[in-house]
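Trainee: Here it is, the structure, as structure tokens.
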Amino acid sequence: MNKVIIEAILGAVSEHGQDDFLTGKNLLDRPGDLSHGDYSTNVAMILAPKLGVKPVELANQILEKLQVFISGGSLSGVKKVEVAGPGFINFYMTEEVTLELIKEILDETKGGSGGENYGKSNLHNGKKMIYEYTDPNPFKQFHIGHLMSNAIGESLARIGEWSGGNVKRYCYQGDVGRHVAFTFYGFDLLKKEEGMEWPSDSMSLSDKVAFLGKIYAKGATHFKDHPEDEAIVQEINKKIYDKSDFEMNALYDLGKKWSMDHFEEIYKVLGTKFNEYFFESDSSVVGLEEVQKGIKSGIFEESEGAIIFKGENYGLNTRVFINKFGLPTYEAKEVGLALLKYNKDPYDISYTITANEQDNVLAVSYKAIEQIYPEIAKKNFHLSHGMLRLTTGKMSSRTGDVVTGESMLHDMTELALEKMKEREIGAGERKEIAEQIAVAAIKYTILRQTIGKDIIFDPQKSLSFEGDSGPYLQYSCVRAKSVLEKAKKQGVSINVEDINLGDLNNDLNNANSPKICQLDWAGGKLEKMLVRFPEVLLRSETEHAPHYVGQYLLDIASEFNSFYANTQIVVEGDILTPYKVLLTKAVLTVLTNGLNVLGIKVPSRM
RNA sequence: GCACCCGUAGUGAAAUGGAUAUCACACCAGUCUUCGAAACUGUUAUUCUAGGUUCGAAUCCUAGCGGGUGCACCA
């Protein structure tokens with residue numbers, strides 16, 4: 111459609127001989143405000159200064175030519191063109207065009223564009239795309255920051271899938287390193303101080319995880335006041351790396367398993383299924399090797415007993431890749447990881463999603479990888495998001511000042527249950543639905559805004575269930591579902607093929623209910639918003655910005671709820687009912703697919 | 001100190017360089033015998049400051065002010 115319009119625009123301005131100036135310019139926009147038409151062009155405004163005429167005058171000249179095209183039939187699908195504001199030319203499509211697009215949403219035939227396929231594109235047809243996100247560390251708590259990384263990573267992965275990508279989800283976990291050393295250092299302290307024992311097998315998983323959190327916090331805080339213990343911590347760290355202490359190995363394996371099992375429980379609730387898990391215990395080996403090789407080729411060099419990469423030569427920080435104890439740092443492990451990922455399954459593009467506090471470090475690692483494996487580095491991208499921070503300041507698992515993902519999910523689920531208490535739903539289903547609502551509330555709060563910005567989270571004030579919220583979107587779906595159910599019970603025929611514009615116009619004129627006369631119909635606002643869904647997804651993908659989807663869904667839900675409040679959709683004997691039911695179905699399709707992209711489930715009722 | 005990011009109603013956010021800066025919360029006033037009130041309708045209020053580029057700036061550039069993050073052996 112828009113190709114036809116762009117050609118018409120170029121045709122209309124061809125006499126001014128500015129083809130070169132116009133090539134590459136975006137000549138056709140989608141106005142945000144629907145009252146400005148379906149498409150608009152600013153061609154008159156960018157051309158006018160060059161030609162030394164007033165924008166509005168030029169726009170009117172162009173308009174005349176376009177009107178000739180319309181009456182000549184070479185701009186079919188366009189109903190009306192007009193000049194507006196400082197010199198925009200707005201295009202209004204015919205109702206037939208919109209109605210055909212609505213029918214596409216409802217086309218549920220196999221391989222059709224509609225139904226659960228509506229919004230899919232082939233932008234990345236078959237491209238192998240890797241998304242690494244969440245990345246919690248065994249032996250440490252899964253906090254709300256991980257929740258944020260998960261919500262963003264999962265939705266980016268899904269948008270990738272909807273764009274035709276062959277997507278794999280990776281999770282990278284720090285199972286070795288200082289934090290594990292602190293854990294065992296803290297355990298030794300507590301064992302001496304209060305005779306603390308390692309949990310028995312019969313203890314619940316969440317108690318075991320709480321135990322790990324406790325000994326880590328002990329180790330980290332105690333070390334802060336006793337920096338003289340550095341040698342002890344390094345000793346433990348070394349033992350973890352080379353697995354030389356038989357007793358510690360056994361405890362380590364247990365603790366790691368507890369953490370992993372615990373994380374898996376959370377992923378299940380969140381709706382993430384990882385294809386592959388990577389560990390620092392593996393990436394450290396590969397990273398160490400690569401960096402050592404790189405010393406010979408001059409990429410890395412020795413300094414003060416450590417091996418460094420001179421990032422300052424590239425406008426970055428100089429950072430340590432192997433510390434003076436011969437152990438690889440985060441930076442070296444990142445080098446190893448890039449190679450591990452690529453060897454596992456060669457990809458076309460790989461995204462690593464982390465909080466932006468790691469921007470500088472990852473930039474250095476990627477620059478180092480570029481020197482070693484330029485072909486792989488070219489395919490790696492770091493997408494960073496803001497931080498989920500508390501009103502009290504930065505979270506710190508060292509001081510125990512963290513909100514865990516588990517507790518947040520629990521609290522939100524309780525709130526959802528409270529709201530549901532009047533509904534007659536069985537206990538099992540009730541719990542499941544409440545969890546879906548909790549996840550929706552959390553994820554939507556994260557995904558409705560630009561991923562780069564911090565979210566200041568007040569644990570006292572709970573997340574919203576109203577207005578601009580995940581549950582609001584879910585509620586709109588449940589409402590639409592219940593309308594469709596009523597229509598089904600009344601035997602309303604909803605055959606898409608039966609709907610045509612002539613009958614609709616006729617029916618609108620003949621409908622005797624005043625309320626129904628206000629109804630949106632093909633060419634109405636709701637319809638025009640609905641058919642933009644595929645474009646919204648494309649934009650989200652190209653800009654890595656899930657919030658466009660969230661923002662869009664809110665607009666759709668809000669418009670639908672107004673429609674719902676003003677118009678009775680299913681009325682016995684009403685000739686417009688089949689169309690209104692179809693429109694409701696289209697709304698439900700778009701909302702469901704959009705929520706799916708955000709990783710949010712739609713409950714059957716709530 | 002250096003580097004990067006950010007300053008939009010009382011609060012939290014949105015806005016491919018475009019048209020009257022949008023949305024939600026909160027506040028106030030209404031709406032349940034209808035298909036689910038987790039909803040709807042109405043009211044109030046916003047681009048940090050100073051220059052510049054542009055037909056046009058919340059958006060781009062410069063300076064200032066304010067906030068965040070990172071700057072050598074944690075991740």
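Count along the first sequence starting at 1, add 110, and that's the number in our numbering.
All C-beta atoms, glycine included, are put in the ideal place defined by N, C-alpha and C.
Just so we're clear, the structure is a prediction, and the values are computed from it rather than from any experiment.
Work out the CA separation of residue 396 and residue 432 for me, nearest whole Å.
Mentor: Here the question's residue 432 lines up with position 322 in the first sequence. Here the question's residue 396 lines up with position 286 in the first sequence. Distance between the alpha carbons of residue 432 and residue 396 is about 12 Å.
Trainee: Let me make sure I understand the geometry here. Which of 467, 420 and 136 has the alpha-carbon closest to that of residue 408?
Mentor: Numbered from 1 along the first sequence, position 298 holds the residue referred to as residue 408. The candidate whose alpha carbon is nearest that of residue 408 is 420.
Trainee: Under 8 Å by Cβ, that's how I've got residue 445 and residue 400 pegged, so tell me the actual separation to the nearest angstrom.
Mentor: For the purposes of this step, residue 445 is identified with residue 335 of the first sequence, where counting begins at 1. For the purposes of this step, residue 400 is identified with residue 290 of the first sequence, where counting begins at 1. Their Cβ separation, rounded to whole angstroms, is 5 Å, which keeps residue 445 and residue 400 in contact under 8 Å.
Trainee: Do you know offhand how far residue 728's Cα is from residue 471's?
Mentor: There is no way to answer for residue 728, as the model of the chain reaches only from 111 to 716.
Trainee: With the cut-off set at 7 Å, would you say residue 707 and residue 641 are in Cβ contact?
Mentor: Taking the first residue of the first sequence as 1, we reach residue 707 at position 597. Taking the first residue of the first sequence as 1, we reach residue 641 at position 531. No, these two residues do not count as a Cβ contact at 7 Å.
Trainee: Once you ignore the five residues that flank residue 694 on each side, which residues in its own chain have a CB closer than 7 Å to its CB?
Mentor: Counted from its first residue, the first sequence places residue 694 at position 584. 590, 593, 594 and 679, listed in sequence order.
Trainee: Between the alpha carbons of residue 623 and residue 675, how many angstroms are there, rounded?
Mentor: One-based indexing of the first sequence puts residue 623 at position 513. One-based indexing of the first sequence puts residue 675 at position 565. Low confidence applies here, because residue 623 scores a pLDDT of 46, under 50, leaving its location unreliable; read the following figure in that light. Looking at the two C-alpha atoms, the distance is approximately 15 Å.
Trainee: Is residue 655 helix, strand or coil when you go by DSSP?
Mentor: To locate residue 655, count along the first sequence from 1; it is residue 545. Coil.
Trainee: Just to confirm the assignment: which complete alpha helix (DSSP H) runs, minimum length 4, are found wholly within the stretch 164-248?
Mentor: 165-182 and 205-216
Trainee: What residues match up with residue 495 in a beta bridge as DSSP calls it?
Mentor: Reading the first sequence from its first residue, position 385 is the one you call residue 495. For residue 495, the pairing in a beta bridge is given by DSSP as 465.
Trainee: Less than 7 Å between the C-beta atoms of residue 191 and residue 173, yes or no?
Mentor: Against the first sequence, residue 191 aligns to sequence position 81. Against the first sequence, residue 173 aligns to sequence position 63. Their beta carbons are under 7 Å apart, which means residue 191 touches residue 173 by this criterion.
Trainee: CB-CB under 7 Å to residue 164, same chain, minus the five flanking residues each way: which ones, in chain order?
Mentor: Here residue 164 corresponds to residue number 54 of the first sequence, with the count starting at 1. Excluding sequence neighbours, residue 164 sits near 158.
Trainee: Taking the alpha-carbon of residue 333 as reference, which of 258, 562 and 297 has the nearest alpha-carbon?
Mentor: Within the first sequence, the letter at position 223 stands for residue 333. Closest by alpha carbon: 297.
Trainee: Please name the residue in 514, 286 and 461 whose C-alpha comes closest to that of residue 353.
Mentor: Taking the first residue of the first sequence as 1, we reach residue 353 at position 243. Out of 514, 286 and 461, 286 has the C-alpha closest to the C-alpha of residue 353.
Trainee: Please report the distance separating the alpha-carbon of residue 319 from that of residue 513.
Mentor: Along the first sequence, one-based indexing puts residue 319 at 209. Along the first sequence, one-based indexing puts residue 513 at 403. Each residue's alpha carbon lies about 14 Å from the other.
Trainee: Give me the Cα-Cα distance between residue 222 and residue 207, rounded to the nearest whole angstrom.
Mentor: For the purposes of this step, residue 222 is taken as residue 112 along the first sequence, with counting starting at 1. For the purposes of this step, residue 207 is taken as residue 97 along the first sequence, with counting starting at 1. Straight-line Cα distance between these residues: approximately 18 Å.
Trainee: Would you list the residues sitting across from residue 403 in a DSSP beta bridge?
Mentor: Along the first sequence, read from residue 1 onward, the residue named residue 403 stands at position 293. According to DSSP, which records beta bridges pairwise, residue 403 is partnered with nothing at all.
Trainee: Quick one: residues in its chain with C-beta nearer than 6 Å to the C-beta of residue 212, no 5 flanking neighbours on either side, listed in chain order?
Mentor: Position 102 of the first sequence, counted from the start, is the residue given in the question as residue 212. Leaving aside the five residues that flank residue 212 on each side, the residues in its chain whose CB is nearer than 6 Å to its CB run, in chain order, 637 and 696.
Trainee: When the Cα atoms are used, what is the spatial distance from residue 475 to residue 229?
Mentor: For the purposes of this step, residue 475 is taken as the residue at position 365 of the first sequence. For the purposes of this step, residue 229 is taken as the residue at position 119 of the first sequence. Residue 475 and residue 229: Cα-Cα distance of roughly 37 Å.
Trainee: Measuring alpha carbon to alpha carbon, tell me which residue in 290, 199, 218 and 578 is nearest residue 551.
Mentor: If you number the first sequence from 1, residue 551 lands on position 441. The candidate whose alpha carbon is nearest that of residue 551 is 578.
Trainee: Taking residue 186 as the reference, give the member of 371, 663 and 116 with the closest Cα.
Mentor: One-based indexing of the first sequence puts residue 186 at position 76. Of 371, 663 and 116, the residue nearest in Cα terms is 116.
Trainee: Return the CA-CA distance between residue 264 and residue 460, expressed in angstroms with no decimal places.
Mentor: As a working mapping, residue 264 is identified with position 154 in the first sequence. As a working mapping, residue 460 is identified with position 350 in the first sequence. Rounded to the nearest angstrom, the two C-alpha atoms are 14 Å apart.
Trainee: Out of 299, 613, 580 and 542, point me to the one whose CA is closest to residue 689's CA.
Mentor: Position 579 of the first sequence, counted from the first residue, corresponds to residue 689. It is 613 whose Cα lies nearest to the Cα of residue 689.
Trainee: Pull up the CB-CB distance for residue 537 and residue 691, whole angstroms please, since I reckon it's below 8 Å.
Mentor: As a working mapping, residue 537 is identified with position 427 in the first sequence. As a working mapping, residue 691 is identified with position 581 in the first sequence. At roughly 33 Å, the Cβ-Cβ gap does not stay under 8 Å, so residue 537 and residue 691 are not in contact.
Trainee: Roughly how many angstroms lie between the CA atoms of residue 705 and residue 656, to the nearest whole one?
Mentor: Here the question's residue 705 lines up with position 595 in the first sequence. Here the question's residue 656 lines up with position 546 in the first sequence. Roughly 11 Å between the two C-alpha positions.
Trainee: Residue 698: buried (16+ other C-beta within 10 angstroms of its C-beta) or exposed?
Mentor: Counted from its first residue, the first sequence places residue 698 at position 588. Residue 698 should be labelled buried.
Trainee: Between residue 388 and the ligand MN, is there a pair consisting of the residue's CB and a ligand heavy atom that are separated by less than 6 Å?
Mentor: The ligand MN is not among the ligands present in this structure, which contains no ligands whatsoever.
Trainee: When we look at the beta-carbon of residue 427 and count the other beta-carbons within 10 Å, is it buried (16 or more) or exposed?
Mentor: Position 317 of the first sequence, counted from the first residue, corresponds to residue 427. It is exposed - the Cβ of residue 427 has fewer than 16 other Cβ atoms within 10 Å.
Trainee: Using the Cβ count rule (16 or more neighbours within 10 Å means buried), how would you classify residue 686?
Mentor: Here residue 686 is taken as the residue at index 576 of the first sequence, counted from 1. A buried status is given to residue 686, since no fewer than 16 other beta-carbon atoms sit within 10 Å of its beta-carbon.
Trainee: Give me whichever residues DSSP pairs with residue 311 in a beta bridge.
Mentor: As a working mapping, residue 311 is identified with position 201 in the first sequence. Its beta-bridge partners do not exist; DSSP assigns none.
Trainee: For residue 490, which three-state DSSP category applies?
Mentor: As a position in the first sequence, residue 490 is number 380, starting the count at 1. Residue 490 falls in the strand class under three-state DSSP.
Trainee: Is the beta carbon of residue 611 closer than 7 Å to that of residue 210?
Mentor: For the purposes of this step, residue 210 is taken as residue 100 along the first sequence, with counting starting at 1. For the purposes of this step, residue 611 is taken as residue 501 along the first sequence, with counting starting at 1. No; because the gap between Cβ atoms is not below 7 Å, this pair is not in contact.
Trainee: Where does residue 219 land, buried or exposed, given buried means 16+ other C-beta within 10 angstroms?
Mentor: Residue numbering aside, residue 219 sits at position 109 when the first sequence is read from its first letter. With fewer than 16 other Cβ atoms within 10 Å, it is exposed.
Trainee: Which whole-angstrom value describes the C-beta separation of residue 713 and residue 588, a residue pair presumed to lie in contact below a C-beta threshold of 8 Å?
Mentor: Your numbering for residue 713 matches position 603 in the first sequence. Your numbering for residue 588 matches position 478 in the first sequence. Residue 713 to residue 588, Cβ: 7 Å. Contact.
Trainee: Pull up the distance between the alpha-carbon of residue 670 and that of residue 580, whole angstroms please.
Mentor: As a first step, residue 670 must be located in the first sequence, where it is residue number 560. As a first step, residue 580 must be located in the first sequence, where it is residue number 470. Roughly 16 Å between the two C-alpha positions.
Trainee: Short check: CB of residue 463 to CB of residue 259, under 7 Å?
Mentor: Start at 1 with the first residue of the first sequence, and residue 463 comes out as number 353. Start at 1 with the first residue of the first sequence, and residue 259 comes out as number 149. Yes, these two residues count as a Cβ contact at 7 Å.
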